[in-house]
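A.B. asks:
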Amino acid sequence: GAGVSQSPSNKVTEKGKDVELRCDPISGHTALYWYRQRLGQGLEFLIYFQGNSAPDKSGLPSDRFSAERTGESVSTLTIQRTQQEDSAVYLCASSQTGNQPQHFGDGTRLSIL
Amino acid sequence: QKEVEQDPGPLSVPEGAIVSLNCTYSNSAFQYFMWYRQYSRKGPELLMYTYSSGNKEDGRFTAQVDKSSKYISLFIRDSQPSDSATYLCAIILTGGGNKLTFGTGTQLKVEL
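Protein chains in written order, with my numbering: chain A, 1174 to 1286; chain B, 476 to 587.
(1) Can you find at least 3 beta carbon pairs, one from the stretch 1230-1250 of chain A and one from the stretch 545-564 of chain B, that sit closer than 8 Å?
(2) Per DSSP, what kind of secondary structure is residue 533/B in: helix, strand or coil?
(3) On the CB-based measure, 16 or more other CB atoms within 10 Å of its CB, does residue 1226/A come out buried or exposed?
(4) So with CB distances below 7 Å, who are the chain B contacts of residue 1238/A?
(5) List the DSSP bridge partners of residue 584/B.
(6) In three-state terms, what does DSSP make of residue 1257/A?
(7) Taking Cβ positions, are residue 509/B and residue 565/B nearer each other than 9 Å?
(8) Shortest alpha-carbon distance to residue 1275/A belongs to which of 527/B, 481/B, 478/B and 511/B?
(9) Would you check if the stretch 1249-1269 of chain A and the stretch 1195-1202 of chain A touch, i.e. whether three or more CB-CB distances between them fall below 8 Å?
(10) So residue 1277/A contacts chain B; which residues on that side make the cut at Cβ distance below 7 Å?
(11) Helix, strand or coil for residue 1229/A per DSSP?
(12) Given that residue 1214/A touches chain B, what residues does it touch there, using C-beta distances under 7 Å?
(13) Just to confirm the assignment, what range does the beta strand (DSSP E) spanning residue 1236/A have?
(14) What residue does the beta strand (DSSP E) around residue 563/B start on, and which one ends it?
(15) By Cβ distance, which residues of its chain are closer than 8 Å to residue 1182/A, with the 5 residues on each side in sequence left out?
(16) Given a limit of 7 Å on CB to CB distance, which residues of the stretch 477-510 of chain B reach chain A?
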């Protein structure tokens, strides 16, 4: 079956522009997560969606970051007014429910010029 | 102090060696333990998942958890060049909303 799919795989944009990253989770997975991986650092949690519950936004680094999820399907992560420090790989993961193993996509490599 | 500490390496071993990768953690409320393998320019791939102290074996891989010492390990037997990757430990905090807390990863190279 298909794994977690992310698009675009690479994104280069100018400082100050808005970007939108997309994640298609594994079919049937109710939980969806976004993480960020900066060069030489571990993965950092950003946000977690579980079914129809309010998302856990505790990892979002600033109000320039937001995410949405439609039902139990696609999610988009939006970064407004991008800064150079936003350059990173943004990874999406999904799991059948919370506490189940998380399966990752290959990420979107974001470069801010 | 980071919540999860992991030696970044790099670690270089000859083919066929036994590899030991380790993480320590600070919060005793961590209850679910995972090891991921990440190849260059790919997403992390789940290798092992456990929630109890002791050993769990899957093929050439053994995950070991010692909750009393807050120490987790991954052993790779008969290492192969294809095992060359970055290995990430990841832990879930009970009641912490299921988010993974990762170590920084250990880069492993298995040489012919």
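Where a beta carbon is used, it is the ideal one built from N, C-alpha and C, also for glycine.
C.D. replies: With the given structure in hand:
(1) Verdict: no, contact absent.
(2) Residue state, collapsed to three classes: strand.
(3) With fewer than 16 other Cβ atoms within 10 Å, it is exposed.
(4) Proximity of chain B to residue 1238/A at the Cβ level (cut-off 7 Å) is not reached, the minimal Cβ distance being about 15 Å.
(5) Looking at the DSSP assignment, residue 584/B forms a beta bridge with 487/B.
(6) Three-state result, residue 1257/A: helix.
(7) Annotated as proximal: residue 509/B and residue 565/B, with beta-carbon spacing under 9 Å.
(8) Distances from the alpha-carbon of residue 1275/A to those of 527/B, 481/B, 478/B and 511/B put 511/B closest.
(9) The stretch 1195-1202 of chain A vs the stretch 1249-1269 of chain A: in contact.
(10) Those within 7 Å of residue 1277/A in chain B are 518 and 519.
(11) DSSP places residue 1229/A within a strand segment (E or B) once states are collapsed to three.
(12) Correct list: 579.
(13) Where residue 1236/A is concerned, there is no enclosing beta strand (DSSP E), because DSSP gives it neither an H nor an E.
(14) Start and end: 560-568.
(15) For residue 1182/A, where only same-chain residues beyond five positions count, the Cβ hits under 8 Å are 1279, 1280, 1281 and 1282.
(16) Close to chain A, meaning a Cβ-Cβ distance shorter than 7 Å, are the following residues of the stretch 477-510 of chain B: 507 and 509.
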